[in-house]
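Take the position in the sequence shown, starting the count at 1, then add 59; the result is the number in our numbering. Built from N, CA and C at the ideal position, the CB exists for glycine as well.
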Amino acid sequence: MEIGVGCSQSFVRMLEKMEEFDPEKVIEEFEAITQDAGKVQRETLKKILEENGSAEYLQSLGLNGRTDPESFKTCVPLVTHKELEPYIHRIADGDHSPILTGKPITTISLSSGTTQGKPKFVPFNDELMESTMQIYWTSFAFRNREFPIGNGKALQFIYSSKQFQTKGGLAAGTATTNVYRNSQFKETMKAIQSQSCCPDEVIFGPDFHQSLYCHLLCGLIFRDEVQFVFSTFAHSIIHAFRTFEQVWEELCTDIREGILSSRVSAPSIRTAMSKLLKPNPELADLVYKKVTGLSNWYRLIPELFPNAKYIYGIMTGSMEPYLRKLRHYAGELPLLSADYGASEGWIGANVNPKLPPELTTFAVLPNIGFFEFIPMKHNIEDQDHNQMDPSFFHIEPEPVDLTEVKIGEEYEIIVTNFAGLYRYRLGDVVKVMGFHNTTPELKFVCRRNLLLTINIDKNTEKDLQLAVEEASKLLGEEKLEVVDYSSHVDSSTDPGHYVIFWEISGEAGEEILKECCNCLDRSFVDAGYVSSRKVNAIGALELRVVRGGTFQKILDHYLGLGSAVSQFKTPRCVGPTNNLVLQILCDNVVESYFSTAF
Ligand code: AMP
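Structure below.
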């Protein structure tokens with residue numbers, strides 16, 4: 060079989076000729092490209108460099124037409140977004156010369172910008188679109204083998220961001236918006252039986268709250284046809300059903316009378332919805348009966364959508380804290396975690412859909428980019444025991460290739476793709492859990508730079524998540540839960556201390572919250588933290604409880620910056636560059652507690 064580089068061969072054929080989608084063929088192709096992932100990686104790099112060798116960026120680095128990995132690594136430096144920003148801004152400002160890619164970039168994606176507090180511009184092109192579809196098809200093929208869906212519809216909580224033109228006239232929007240607006244998206248959704256039950260006007264509506272209301276309404280109208288419930292990130296699913304808890308009676312009234320609530324004011328959405336909404340008292344009664352029969356909203360989703368086979372979306376990483384709530388809404392319905400990628404490009408597909416979200420891995424597609432991995436810890440077994448660990452001197456280990464990674468090790472991932480990013484530090488840490496043929500299966504660990512650190516302590520997003528999980532168990536005794544959380548290092552005190560912000564689903568007693576605060580402090584088990592706390596080199600941890608709706612305000616803040624709900628991730632650690640979000644959190648604090656654990 061001929062191995063496709065950049066995009067699988069059968070995939071290209073299917074796209075070009077609109078051939079019938081054949082999941083078994085897609086799986087066969089995936090098996091083929093992962094047989095010798097090292098070879099496919101070299102071919103992919105060669106293709107990327109051949110197609111883009113004329114770009115100013117690569118020209119300036121002296122590759123002189125060489126396309127082998129060794130020359131590439133010698134000539135091309137590791138970069139972050141900051142180093143590429145001037146090039147990307149020239150593109151956005153309308154410079155059509157080949158700057159980062161051979162073919163000019165005509166579209167810009169906005170990444171969610173959770174970390175920096177403002178969206179970043181990244182190039183988007185046809186190749187990125189194709190690899191997105193390849194990922195969708197691949198994971199669908201594996202998913203459908205285990206969890207076949209019938210011909211029906213999908214309740215997809217997807218939203219477009221506002222699209223705008225850059226100074227140079229390029230279309231700009233979030234990566235998901237660029238994907239949803241592309242004609243290939245609809246074709247692919249049709250092929251993989253995942254058509255949304257909502258009209259486009261809802262997805263592309265001007266106001267997210269109105270779109271969400273209509274997503275829910277369409278879901279109910281097509282309740283028997285809904286085969287699965289989806290959103291890009293699990294946060295949007297939770298957000299949608301929390302909203303349902305508030306608006307369900309209004310939805311029933313709309314269905315009963317066949318008249319759309321006045322809360323939906325956008326004319327485009329009203330016109331589109333009027334074609335679907337007809338008076339249906341039987342359905343309204345049924346929904347009413349289903350909802351009033353529930354206990355604390357448990358099994359809400361299967362009750363509303365009796366033919367749904369699963370819930371699908373990214374549930375790993377910063378989405379894990381929502382799993383408990385999602386399982387509550389889902390009852391026995393399986394939760395299937397979606398693939399791994401970023402606005403900058405895709406990395407891997409979930410080809411083991413039966414694994415629960417906590418164990419989900421992503422098999423890297425070796426033909427969509429060239430991937431390198433910086434070891435997070437020096438592999439002690441491999442080195443002479445007399446040598447010092449290089450990380451002691453802050454020397455970063457050399458990146459290794461895709462097929463050189465080791466099971467059980469953690470790495471920072473470096474991406475080179477077909478859209479003008481070369482040796483780009485995505486900022487994510489992944490762990491190698493195994494191999495699918497010769498390509499690694501990665502588990503997402505955390506963002507590399509999301510660290511709570513004051514002196515010698517180092518706590519990642521994952522450490523924070525574990526601490527919050529532990530402490531929030533205490534709230535469970537009062538039937539309360541942490542709706543969402545974030546953190547901050549407060550260095551205005553001497554010594555500095557960690558601040559954890561919690562939004563809680565109701566009123567918790569003072570004693571419980573004091574216990575939660577102590578438990579949070581004790582749950583950061585990093586040796587640097589514990590020893591610093593013992594000698595008071597780090598001050599007592601502070602738990603600040605914020606008003607209900609605070610995290611909604613944060614979401615609204617990001618939407619105002621041009622982000623889309625589809626890509627929203629709550630910032631788990633708010634640094635000094637993100638002072639507007641910090642302000643929102645601080646302005647909404649209703650009570651605060653200091654730990655007495657040390
Ligand atoms: P964005 O900035 O909106 O493009 O989001 C990209 C980031 O989302 C990635 O760099 C990851 O940190 C995170 N992400 C994407 N996919 C996953 C996944 N499957 N599991 C965990 N985190 C993910």
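Distance CB(residue i)-CB(residue j) smaller than 8 angstroms
{"i": "Leu511", "j": "Tyr557", "result": "yes"}
{"i": "Asp677", "j": "Ser321", "result": "The requested residue 677 is not part of the displayed model; the chain covers only 60 to 657."}
{"i": "Ser198", "j": "Ala408", "result": "yes"}
{"i": "Val604", "j": "Ile643", "result": "no"}
{"i": "Asn518", "j": "Phe477", "result": "no"}
{"i": "Phe201", "j": "Val288", "result": "no"}
{"i": "Ile328", "j": "Val285", "result": "no"}
{"i": "Cys575", "j": "Leu602", "result": "yes"}
{"i": "Val648", "j": "Ser545", "result": "no"}
{"i": "Gln215", "j": "Ser255", "result": "yes"}
{"i": "Gly479", "j": "Thr191", "result": "no"}
{"i": "Val488", "j": "Cys505", "result": "yes"}
{"i": "Leu117", "j": "Leu108", "result": "yes"}
{"i": "Ile167", "j": "Pro182", "result": "yes"}
{"i": "Ser219", "j": "Thr247", "result": "no"}
{"i": "Ala325", "j": "Gly264", "result": "yes"}
{"i": "Ser295", "j": "Ser622", "result": "no"}
{"i": "Phe300", "j": "Tyr388", "result": "yes"}
{"i": "Ser171", "j": "Lys628", "result": "yes"}
{"i": "Gly317", "j": "Leu342", "result": "no"}
{"i": "Phe560", "j": "Ala599", "result": "no"}
{"i": "Glu471", "j": "Lys436", "result": "no"}
Nearest-angstrom beta carbon gap, residue j and residue i [assumed within contact, 8 angstroms]
{"i": "Thr497", "j": "Asp154", "result": "The pair is not a contact, with the Cβ atoms about 40 angstroms apart (cut-off 8 angstroms)."}
{"i": "Pro136", "j": "Arg482", "result": "7 angstroms"}
{"i": "Pro293", "j": "Tyr399", "result": "Note that residue 293 corresponds to Ala in the displayed sequence, not to Pro. Contact doesn't hold; Cβ gap of about 14 angstroms is too wide."}
{"i": "Ala151", "j": "Gly227", "result": "6 angstroms"}
{"i": "Leu461", "j": "Gln100", "result": "5 angstroms"}
{"i": "Leu501", "j": "Phe421", "result": "5 angstroms"}
{"i": "Gly555", "j": "Ile597", "result": "7 angstroms"}
{"i": "Ile473", "j": "Ile433", "result": "7 angstroms"}
{"i": "Ile297", "j": "Lys384", "result": "5 angstroms"}
{"i": "Thr419", "j": "Thr351", "result": "35 angstroms between Cβ atoms; not a contact."}
{"i": "Tyr357", "j": "Cys311", "result": "Between Cys311 and Tyr357 the Cβ distance is about 20 angstroms, and since that is not below 8 angstroms, they are no contact."}
{"i": "Pro290", "j": "Glu520", "result": "It is Ser, not Pro, that sits at residue 290 in the sequence shown. About 21 angstroms separates the two Cβ atoms, so there is no contact after all."}
{"i": "Leu56", "j": "Pro412", "result": "In this structure the chain extends from 60 to 657, so residue 56 is not present and cannot be described."}
Segment limits, beta strand (DSSP E) that includes residue i
{"i": "Asp487", "result": "Tyr483 to His495"}
{"i": "Tyr470", "result": "Glu469 to Thr475"}
{"i": "Ile559", "result": "His556 to Ile563"}
{"i": "Phe201", "result": "No beta strand (DSSP E) contains Phe201, which is instead part of the alpha helix (DSSP H) from Asp185 to Glu205."}
{"i": "Gly232", "result": "Ala230 to Thr233"}
{"i": "Glu431", "result": "Phe429 to Pro434"}
{"i": "Glu500", "result": "Thr498 to Arg506"}
{"i": "Ser546", "result": "Val541 to Asp549"}
{"i": "Lys521", "result": "Note, Lys521: premise wrong, no beta strand (DSSP E); alpha helix (DSSP H) at Glu520 to Gly535."}
{"i": "Ser654", "result": "Careful: Ser654 lies outside any beta strand (DSSP E) and carries neither H nor E."}
{"i": "Ala478", "result": "No beta strand (DSSP E) holds Ala478; DSSP gives it neither H nor E."}
{"i": "Lys212", "result": "Lys212 to Gln215"}
{"i": "Leu169", "result": "Thr166 to Leu169"}
Limits of the alpha helix (DSSP H) - the one that residue i falls within
{"i": "Ser591", "result": "Ala586 to Lys593"}
{"i": "Leu87", "result": "In the sequence on display, residue 87 carries Glu and not Leu. First-last of the alpha helix (DSSP H) with Glu87: Pro82 to Gln94."}
{"i": "Ala389", "result": "Leu382 to Ala389"}
{"i": "Ile643", "result": "Asn638 to Asp646"}
{"i": "Cys257", "result": "Taken as a continuous stretch (DSSP letters only), Cys257 belongs to no alpha helix (DSSP H), as it is neither H nor E."}
{"i": "Phe244", "result": "Ser242 to Ala250"}
{"i": "Arg581", "result": "Glu569 to Ser582"}
{"i": "Ala114", "result": "No alpha helix (DSSP H) contains Ala114, which DSSP labels as neither H nor E."}
Test: residue i CB closer than 8 angstroms to a CB of chain B
{"i": "Ala397", "result": "Given the protein chain composition of this structure (a single chain), no chain B is represented."}
Proximity test, residue i beta-carbon vs the ligand MG heavy atom, cut-off 7 angstroms
{"i": "Gly479", "result": "The ligand MG is not part of the structure shown, which contains the ligand AMP as its ligands."}
Cβ contact (3+ pairs, closer than 8 angstroms) linking the region 355-370 and the region 206-223: yes
Start-end ranges of the alpha helix (DSSP H) lying completely within the region 125-155, minimum 4 residues: 128-134 and 140-151
Contiguous beta strand (DSSP E) assignments of at least 3 residues, all confined to the region 271-343: 285-292
Contained alpha helix (DSSP H) runs [length at least 4] in the region 354-426, N- to C-terminal order: Within the region 354-426, complete alpha helix (DSSP H) segments of at least 4 residues are found at 359-363 and 382-389, given in chain order.
Contact between the region 417-434 and the region 392-406 (3+ Cβ pairs under 8 angstroms): yes
Length at least 4, wholly inside the region 595-644: the alpha helix (DSSP H) runs in chain order: 609-619
Cβ contact (3+ pairs, closer than 8 angstroms) linking the region 620-638 and the region 546-556: yes
The region 584-598 contacting the region 529-536, beta-carbon criterion three pairs below 8 angstroms: Contact between the region 584-598 and the region 529-536 is absent: fewer than three C-beta pairs spanning the two stretches fall below 8 angstroms.
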